[in-house]
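All remarks here apply to the structure that follows.
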Amino acid sequence: MSRAGRYTELLPAELEAILAETLLAVIPWGALEFHGPHLPLGLDGLVAEAFAARLVERTGGILFPATWWAVTTLPHQFSVQLPSEVIRTLFDALLTQLAEIGFQRIALISGHYAHPHELLLIEAAEGALTRGLLVLAAPPLALLGDPALLDHAARWETSQLLALRPDLVRLERLDALVG
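Take 25 as the starting number for the sequence shown in this note's numbering and just add one per residue.
See the structure below:
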């Protein structure tokens, strides 16, 4: 297996050594949005980080810190959303920088399932081809091929966080929704 590391913890020489073996950058992408009374506002990024970390552990590569800015979050007082042109610029600038560092393969692991956000991911991936980058941009559950798994704050999204961070799930707060 190729070597792995967290970008934030590597010395320049360590990054160079890993880049000599693998040219993969893995970037978890989340959102800050309302997920019901029982789940944390950062669920999307927390899940994306966990999947991304496991990917790097198993395949090698460099794990980047999660990015939390998204477009089209669920309208709510505590949801944070940026305009699509800001996200588009962010994707483009990030992929340009990664190509300049020497990465050739990028995995954008998105924990946010909103269709306009996914379209921006696809657009960024297609644009990256002009820089010689190969980009996979997908939510982890989408890779299973069953759209029913892409719920919001319901069975599957709650189950993911229960498996990864049960300390952050408050199922007893679901009572507030029914009575």
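C-beta: ideal position from N, C-alpha, C; glycine also.
Query raised in the report: Given a threshold of 16 other Cβ atoms within 10 Å of its Cβ, counted over all protein chains shown, does residue 143 qualify as buried or as exposed?
Result: Taking the sequence shown and counting its residues from 1, the one referred to as residue 143 is at position 119. Here residue 143 is exposed. Its C-beta has fewer than 16 other C-beta atoms within 10 Å.
Query raised in the report: How long is the line joining the alpha carbons of residue 54 and residue 163, rounded to whole angstroms?
Result: Your numbering for residue 54 matches position 30 in the sequence shown. Your numbering for residue 163 matches position 139 in the sequence shown. Between residue 54 and residue 163, the C-alpha separation is close to 10 Å.
Query raised in the report: Do the CB positions of residue 37 and residue 27 come within less than 8 Å of each other?
Result: For the purposes of this step, residue 37 is taken as the residue at position 13 of the sequence shown. For the purposes of this step, residue 27 is taken as the residue at position 3 of the sequence shown. No, these two residues do not count as a Cβ contact at 8 Å.
Query raised in the report: What did DSSP end up calling residue 35 once you bin it into helix, strand or coil?
Result: Locating residue 35 in the sequence shown gives position 11, where the first residue counts as 1. In the three-state DSSP reduction, residue 35 falls in the coil class, being neither helix nor strand.
Report task. Using beta-carbon positions only, say whether residue 80 and residue 138 come within less than 8 Å of one another. Result -> Within the sequence shown, the letter at position 56 stands for residue 80. Within the sequence shown, the letter at position 114 stands for residue 138. Between residue 80 and residue 138, the CB-CB gap reaches or exceeds 8 Å.
Query raised in the report: What residue from 30, 50, 66 and 47 has the CA that sits closest to residue 176's CA?
Result: In the sequence shown, counting from the first residue as 1, residue 176 sits at position 152. Residue 176 has its Cα closest to that of 66, out of 30, 50, 66 and 47.
Query raised in the report: From residue 61 to residue 195, what does the alpha carbon distance come to, in whole angstroms?
Result: By one-based count along the sequence shown, residue 61 stands at place 37. By one-based count along the sequence shown, residue 195 stands at place 171. Roughly 9 Å between the two C-alpha positions.
Query raised in the report: By how many angstroms is the C-alpha of residue 141 removed from the C-alpha of residue 105?
Result: Residue mapping note: residue 105 aligns to position 81 of the sequence shown, counting from 1. Residue mapping note: residue 141 aligns to position 117 of the sequence shown, counting from 1. Each residue's Cα considered, the two are about 11 Å apart.
Query raised in the report: Cα-Cα, which of 134, 116, 84 and 58 is closest to residue 91?
Result: The residue given as residue 91 occupies position 67 in the sequence shown. With distances taken between Cα atoms, residue 91 lies closest to 134.
Requested in this report: With DSSP as the reference, label residue 50 as helix, strand or coil.
Outcome: If you number the sequence shown from 1, residue 50 lands on position 26. Strand, per DSSP.
Requested in this report: Could you tell me which uninterrupted alpha helix (DSSP H) segments, each at least 4 residues in length, are contained entirely in the segment 106 to 164, listed from first to last along the chain?
Outcome: Taking only runs of at least 4 residues, the alpha helix (DSSP H) segments lying wholly in the segment 106 to 164 are 108 to 125 and 139 to 152.
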